[in-house]
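In UniProt numbering, the protein residues as written are 28 to 485.
Even glycine gets a Cβ: it sits at the ideal position worked out from N, Cα and C.
Nothing here was measured: the structure is a model prediction, and the numbers come from that model.
First comes the structure, then the notes that go with it.
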Ligand code: GLN
């Protein structure tokens, strides 16, 4: 019952930036027609999906929740969204998010905060005092699915943006292996890390959605030329023989007891499902967060160079000014503070004098982190960790302190740097009645192993 929201409350969540009921109705009508004609229904026939506003949708405003793209209407459809429509789904609307997917609380959106539909036992939450963050950057997606406004939504995950918001709102979300989902038509944040994935109520829905979203695409040079496995048909919660690794470096200082307890519960559930538990070491884990916050801004500073007032969105051209003034005015006005911070960090670490000291070092760390995981796979098949070091925090609680915000990504960025499939599933509630997530990390291309372990937990 906690999830049933009235229409007035649904609007207050601010999860949708654009509503596209006609698109969803057309898909539902097509499903009805096919059913009446006795045709075999497509896998997502008539299912209304929320699309994160990072996916370009033909004829429907797409802004990445940034003022700089206000009014931008793509003339093309992203591969991931097209794959969903080809599978019979319809679009309910475009979902709010952190601006250009930079953030962990959805507070960097140019179009207002998204509110989590959850309430704490002390009464704080949903529109009242201390409304809770839905996580980020896919905060519109997590809030909409958790509030039951749509059965599934797309997310993107560069350093945790599917998994952390899923954990904060008690839903499931999977980031597949880098290259499974085409990045074509998805607004770029950090191209070597960005991956699309589904967010839904349970593991089975995630499997069904991911099957539709994934697949080789010649328009993305990093797309994997592989068939999409039948993940839904392969689901099994029996884990006999599965070796689950517990990375000891994820026991970080100051982790709340409740997160420790949740982790232990997860271990017990997987044991009950037939798995054996092994301790593993990922020694470079502590360098993952600093490396990520060099590599991701470096790539972002390059990707965001295209927003110059010429090609997309807004243009600010003060009277009597020239081309450089137009660039400066458009970007000063168009980008939010967090995006500017990333561009500044990114251009700094890529600058001639500092490149070797920061960017090259970070890339070396990235290799060491990938090797840590490779070593771990010698003794285990999947890894189990908490998804985030805390439950949902209140809106405003961390927004003035970027470092505190970045620290919330400590458990999600290592697997992103290594390009591995990783999922968050709900693990239970804390003392305040808020959901906590458990993360399963898998070997490259082993989404099935990840989904199956998730199924055993949920
Ligand atoms: N919170 C991380 C960041 O701000 C991850 C974002 C993401 O995965 N898109 O960069």
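CB of residue 269 within 9 Å of CB of residue 409, strictly: Within the chain shown, residue 269 is the residue found at index 242, counting from 1. Within the chain shown, residue 409 is the residue found at index 382, counting from 1. For residue 269 and residue 409, yes; Cβs fall inside 9 Å.
6 Å Cβ shell around residue 33 - same chain, five flanking residues per side excluded: Within the chain shown, residue 33 is the residue found at index 6, counting from 1. Correct list: empty, nothing qualifies.
Assigned secondary structure, residue 259 (DSSP; H/G/I helix, E/B strand, else coil): Here residue 259 corresponds to residue number 232 of the chain shown, with the count starting at 1. It is coil, neither helix nor strand.
Residue interval of the beta strand (DSSP E) (run including residue 202): Along the chain shown, one-based indexing puts residue 202 at 175. Where residue 202 is concerned, the enclosing beta strand (DSSP E) stretches over 199-202.
Check: residue 191 C-beta below 8 Å from any heavy atom of ligand 1: Your numbering for residue 191 matches position 164 in the chain shown. True, at least one ligand heavy atom lies under 8 Å from that Cβ.
Buried/exposed call for residue 71, threshold 16 Cβ in 10 Å: Counted from its first residue, the chain shown places residue 71 at position 44. Residue environment for residue 71: buried (at least 16 other C-beta atoms within 10 angstroms of its C-beta).
Residue 463 to residue 215 span [Cα, whole Å]: Position 436 of the chain shown, counted from the first residue, corresponds to residue 463. Position 188 of the chain shown, counted from the first residue, corresponds to residue 215. If you take the alpha carbons of residue 463 and residue 215, they lie about 29 Å apart.
Residue 489 CB to nearest heavy atom of ligand 1 below 8 Å: No statement about residue 489 is possible, as the shown extent of the chain runs from 28 to 485 and does not include it.
Cβ separation of residue 183 and residue 223, assumed to be a contact under 8 Å, to the nearest whole Å: For this step, residue 183 is matched to residue 156 along the chain shown. For this step, residue 223 is matched to residue 196 along the chain shown. Contact between residue 183 and residue 223 holds, since their C-beta atoms are separated by about 5 Å, short of 8 Å.
Residue 302 and residue 271 closer than 9 Å at C-beta: To locate residue 302, count along the chain shown from 1; it is residue 275. To locate residue 271, count along the chain shown from 1; it is residue 244. The Cβ atoms of residue 302 and residue 271 sit closer than 9 Å to each other.
Proximity test, residue 435 beta-carbon vs ligand 1 heavy atom, cut-off 8 Å: Taking the chain shown and counting its residues from 1, the one referred to as residue 435 is at position 408. Indeed, a heavy atom of ligand 1 lies less than 8 Å from the Cβ.
Where residue 469 falls: helix, strand or coil (DSSP): Translated into positions along the chain shown, residue 469 becomes position 442. In this structure, DSSP gives residue 469 an extended state, which the three-state scheme calls strand.
Any non-hydrogen atom of ligand 1 closer than 8 Å to residue 438 Cβ: Working through the chain shown from its first residue, we reach residue 438 at position 411. It does not: the Cβ of residue 438 is nowhere closer than 8 Å to a heavy atom of ligand 1.
Straight-line gap, residue 119 to residue 159 (C-alpha atoms, nearest Å): Working through the chain shown from its first residue, we reach residue 119 at position 92. Working through the chain shown from its first residue, we reach residue 159 at position 132. Taking the straight line joining both Cα atoms gives about 24 Å.
Continuous alpha helix (DSSP H) stretch holding residue 400: start and end: Against the chain shown, residue 400 aligns to sequence position 373. First-last of the alpha helix (DSSP H) with residue 400: 388-403.
Pick from 94, 381, 45 and 56 that is closest to residue 84, judged by C-alpha positions: Your numbering for residue 84 matches position 57 in the chain shown. With distances taken between Cα atoms, residue 84 lies closest to 45.
For residue 295, the nearest candidate out of 283, 328, 320 and 266 (CA to CA): Locating residue 295 in the chain shown gives position 268, counting from the first residue. For residue 295, the nearest C-alpha among the options comes from 266.
Residue 216: CB within 8 Å of a non-hydrogen atom of ligand 3: This structure simply doesn't include ligand 3; it includes ligand 1 instead.
Nearest neighbour of residue 371, chosen from 110, 138, 328 and 245 [CA to CA]: The residue given as residue 371 occupies position 344 in the chain shown. Of the candidates 110, 138, 328 and 245, the one whose C-alpha sits nearest the C-alpha of residue 371 is 328.
Residues that residue 223 bridges to, as DSSP identifies them: Walking along the chain shown from the start, residue 223 turns up at place 196. Paired residues: 183.
Alpha helix (DSSP H) segments (min. 4 residues) lying fully within the stretch 327-395: Within the stretch 327-395, the complete alpha helix (DSSP H) runs of at least 4 residues are 350-361 and 364-377.
Whether residue 116 touches residue 87 by CB criterion (9 Å): Here residue 116 refers to the residue found at position 89 of the chain shown. Here residue 87 refers to the residue found at position 60 of the chain shown. Not closer than 9 Å, so no.
Burial state of residue 287 (16 or more Cβ within 10 Å): The residue you call residue 287 lines up with position 260 of the chain shown. Under this definition residue 287 is an exposed residue.
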